[in-house]
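S.K.: I have a structure here, written as structure tokens, and I will follow up with some questions on it.
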Amino acid sequence: MDYIFEGIREAFVLLMSGDEEVYSAVYATLKASSLAILIALLIGFPLGFFLGYADFPGKRFIRSVVDTLLALPTVLVGLWVYAFISSRGPLGNLNLLFTLKGVIVGEVVLALPIIMALSAQAVEELDLSVRDTLLTLGATGKRLVLDILWEARYGILMAAVTAYGRIISEVGSASMLGGNIKWRTRTITTAMAFETNKGQFAMGIALGLILLLIAFLVNGTLAFAKRRRQTR
Amino acid sequence: MLYELNEIKRYYNERCALSIGYLTIEQGKIYGLVGPNGSGKTTLLRILAFLDMPDAGSIYYNGSLVLPQLMPALRREVTMLLQNTRLLTRKVKDNVAFGLKMRHMDSNTIKHRVKEALEMVGLSVKDFANRQWYELSGGEAQRVALAARLALRPKVLLLDEPTANVDTVSETLINEAVVRAKEEWKTTIIMVSHDLSWLYNTADEVISLWGGRVVSHGPENVILGPWERVGDGLYCKALKDGQRIYVSGTPSSSNAVTVSPGDITLLSSVVNGYGESAYNLLRGLVTQMVYSNDGLLRVSVALGELNLVSLVDKDYIKKLDIYPGMEVYASFKPSAAKWL
């Protein structure tokens, strides 16, 4: 047990002293996950809105495909993206493998189905009653769509936060696509796995505490969004 | 004439939910819509609110044929409080101001209208304007939703069960606000309400719907089958308490008949001659007595599982000394029943 307590003590020392290696992994994680969620929102939200709002042939099939992709294993995403961005793959000339950009691509793929499915659900839940309410008050055209989006904002926030929670804690695709390169592509989760394998508990615990703090903030935001959504 | 509906039909999954041959609505009147669940009340309201187009038939509004492309503009004059209405997820004042902003009104007018509308439904601006949507009770939320419609001073206000799930204070305030809208702005009110007593007292006309069709302008008794053939053109329905109702004619696919309240006579005791031949003579309890606009009394009589409404002159009521809770006999001819 002593080595665990010693690990926790050392972890606090690392955090307080501003250890560069720790904060490099935190920086890489936040940079990759923030950019990934932004890109995933820009692509996934309009698609999710369309999926929830519009009626078109094959909608049910696409919905079930997107729902299935929610449970996509991260290593499978890593494998597929690896196949595309490796030097032999169709996107090999972009030199994305073992870069933070490569990690971002993997995280975008992971986040997309979550954002699409939850945005579609948020819009679907609102669609009938809110749409009718807005129509009876005289909303039309672009203003109608914008106000439906505004009414769905807590559902959309939930989608973004849920997706963020998934990508920030994933380790499979980040290590396959980023290669866990120190100072460059090493993220919190890949560093934790690597340092623990080496028996360096202090570093692992320090990074774990930061991950826990981020998870706490994510869950707090999620709880807020859920509450607001339910009190509608 | 504000609305004129011709041969309107509306289908849901190939089921005809509404089929109206001809119906007119005049400006500045209060109309009540009554009928059992699934009778087409909400479907009709949604068509009148220009939320849905009928699948067949034509609607004229203010003398002009309503076309789908005209509906957004018409919704600027007509508004509806939906049965499952919800507030927008913003402050009370923003909810009430929303429709006014859609109409590009200036901020002073908006401020004045928001205050006026909130006060009409008994909510003070000081206490409620800055509250969030989730800081309201069910009754308050419904009053805010109504205020958002009243602020528009609409030409037509359609209300689908506005007092169904609210406290009695809110119910009174909502009913009062609706009448005020008619009096102050000559707003045409078309309302579905479970509060039949209020509806019959207040409405200028009550339209009865049954199976998607207009049964009458006024209350109507609908009696469902099964019917047993007991003679040539005579059919009988047995009530749970053993009493029997006789109707004549040819049964229709709906298996239901309607009896006009004016055709039902009330008796305080059995008189020789009645009930012995083809007359229906049904014993029941008076459950409700309501004065209507036409100076008559609408008396509801409970006959076991059935409720019949009779339209009676007030002098006749005085003569018989009928009161709620009293046992009476409802009588009508089998030929008074019309197959739907």
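These protein sequence lines map, in sequence, to chains R and C.
Heads up: the first sequence begins at 1452 in the numbering used here, then just goes up one per residue.
Heads up: the second sequence begins at 36 in the numbering used here, then just goes up one per residue.
A virtual CB, placed ideally from N, CA and C, is assigned to each residue, including glycine.
(1) By a C-beta neighbour count over all protein chains shown, 10 Å radius and 16 as the cutoff for buried, is W1634/R buried or exposed?
(2) Taking the straight line between their C-alpha atoms, what separation do you get for S1485/R and A1479/R?
(3) Thinking just about the alpha-carbon of each residue, which of T1638/R, M1643/R, R1679/R and G1650/R is nearest to the one in V1554/R?
(4) Using a Cβ-Cβ cut-off of 9 Å, state whether N119/C counts as contacting chain R.
(5) Determine the direct distance from the alpha carbon of L346/C to that of Y358/C, and round the result to whole angstroms.
(6) At a CB-CB cut-off below 7 Å, which residues of chain C make contact with G1589/R?
(7) Which residues does DSSP list as the beta-bridge partners of T203/C?
(8) In this structure, does DSSP put A1483/R in helix, strand or coil?
(9) Could you name the residues of the segment 1555-1576 of chain R whose beta carbon sits closer than 9 Å to any beta carbon of chain C, in the order they occur along the chain?
(10) Report the residue from H147/C, L192/C, K126/C and A212/C whose alpha carbon sits nearest the alpha carbon of L171/C.
(11) Within 9 Å of any Cβ in chain R, is that where the Cβ of Y47/C sits?
(12) Tell me where the beta strand (DSSP E) around R318/C begins and ends.
(13) Give the straight-line distance between the Cα atoms of I82/C and M88/C, rounded to the nearest whole angstrom.
(14) By the three-class DSSP mapping on this structure, what secondary structure does R67/C have?
(15) Let me know the secondary structure DSSP gives R1594/R once reduced to three states.
(16) Using the C-alpha atoms, what's the distance from L244/C back to G310/C?
(17) What residues in its chain sit with their C-beta under 6 Å from that of T124/C, if we drop five residues either side in the sequence?
(18) For V179/C and D239/C, what's the separation of their Cα atoms in angstroms?
(19) Chain R partners of A216/C, CB-CB under 9 Å?
(20) Going along chain C, which residues have a C-beta under 7 Å from D1583/R?
(21) Pick helix, strand or coil for G310/C, following the three-state DSSP scheme.
(22) Taking 9 Å as the CB-CB limit, is D1506/R close to chain C?
(23) If I measure Cβ to Cβ from P261/C and keep anything under 8 Å in the same chain, skipping five residues before and after, which residues do I get?
(24) Please identify, using Cβ separations under 8 Å, the residues of the segment 1495-1528 of chain R that lie next to chain C, in order along the chain.
(25) Using a 10 Å radius around the Cβ and a threshold of 16 neighbouring Cβ atoms, would you call K190/C buried or exposed?
(26) Leaving aside the five residues before and after N130/C along the sequence, list all residues of the same chain whose C-beta is less than 6 Å from its C-beta, in chain order.
(27) Just grab the DSSP bridge partners of N41/C for me.
(28) Where does A1467/R land, buried or exposed, given buried means 16+ other C-beta within 10 angstroms?
(29) Along chain C, which residues have their Cβ under 8 Å away from the Cβ of L1673/R?
(30) Does DSSP put D129/C in a helix, a strand or coil?
(31) Report back the beta-carbon spacing between G92/C and L40/C to the nearest angstrom; my notes put them in contact at under 8 Å.
(32) When we look at the beta-carbon of L100/C and count the other beta-carbons within 10 Å, is it buried (16 or more) or exposed?
(33) In chain R, what lies closer than 7 Å to P107/C by C-beta?
(34) Ends of the alpha helix (DSSP H) at T223/C?
(35) Under 9 Å, Cβ to Cβ, is there at least one residue of chain C near S1624/R?
(36) Among residues of its own chain, excluding the 5 on either side of I94/C, which ones have a beta-carbon nearer than 6 Å to its beta-carbon?
M.R.: In short:
(1) With fewer than 16 Cβ atoms within 10 Å of its Cβ, W1634/R is classed as exposed.
(2) The alpha-carbon atoms of S1485/R and A1479/R are separated by roughly 10 Å.
(3) Comparing alpha-carbon positions, the option among T1638/R, M1643/R, R1679/R and G1650/R lying closest to V1554/R turns out to be T1638/R.
(4) True, the Cβ-Cβ gap to chain R drops below 9 Å.
(5) If I take the Cα positions, the gap works out to 14 Å.
(6) For G1589/R, the C-beta contacts it makes with chain C under 7 Å involve R110, R111, G134, M137 and R138, in order along the chain.
(7) Beta-bridge pairing by DSSP links T203/C to no other residue.
(8) Helix.
(9) Those would be none; no residue qualifies.
(10) If we check each option's Cα against that of L171/C, K126/C comes out closest.
(11) Proximity of Y47/C to chain R, defined by a Cβ-Cβ separation below 9 Å, is not satisfied.
(12) Residues N315 to Y326.
(13) C-alpha separation (whole angstroms): 6 Å.
(14) Position check: residue 67/C holds Gly in this sequence, whereas Arg was assumed. DSSP, read as helix, strand or coil, puts G67/C in strand.
(15) R1594/R falls in the helix class under three-state DSSP.
(16) Unreliable placement is indicated for G310/C, whose pLDDT of 48 sits below 50; the coordinate value is still reported in the next sentence. If I take the Cα positions, the gap works out to 30 Å.
(17) Within the same chain, and ignoring the five residues on either side of T124/C in sequence, the residues whose Cβ sits closer than 6 Å to its Cβ are W168.
(18) Distance between the alpha carbons of V179/C and D239/C is about 26 Å.
(19) Listed by position along chain R, the residues whose Cβ is nearer than 9 Å to that of A216/C form an empty set, because the closest Cβ is around 15 Å away.
(20) Those are L86 and L117, listed as they occur along chain C.
(21) For G310/C, the predicted structure reports a pLDDT of 48, less than 50, and the residue's modelled location is therefore unreliable. The matter cannot be settled from this model.
(22) Output row for D1506/R: interface = no.
(23) Contacts found: K272 and N290.
(24) Using a CB distance below 8 Å, no part of the segment 1495-1528 of chain R faces chain C.
(25) Around the beta carbon of K190/C, a 10 Å sphere encloses 16 or more other beta carbons of the protein chains shown; the residue is thus reported as buried.
(26) Spatial neighbours of N130/C in its own chain (CB-CB distance under 6 Å, excluding positions within 5 residues in sequence) are listed in chain order as L122, L123, V179 and A183.
(27) In the DSSP secondary-structure assignment, N41/C is bridged to Y57/C and S93/C.
(28) The question names Ala, yet the displayed sequence has Met at residue 1467/R. Looking at its Cβ environment, which holds fewer than 16 other Cβ atoms inside 10 Å, M1467/R is exposed.
(29) Correct list: empty, because the minimum Cβ distance to chain C is about 17 Å.
(30) DSSP places D129/C in helix when its eight states are reduced to three.
(31) Confirmed, about 7 Å.
(32) Exposure of L100/C is indicated by the presence of fewer than 16 other C-beta atoms within 10 angstroms of its C-beta.
(33) Result: T1591.
(34) Here T223/C belongs to no alpha helix (DSSP H); instead the beta strand (DSSP E) covers T223 to V227.
(35) Not one chain C Cβ lies under 9 Å of S1624/R.
(36) Only L40 and V101 meet the Cβ criterion.
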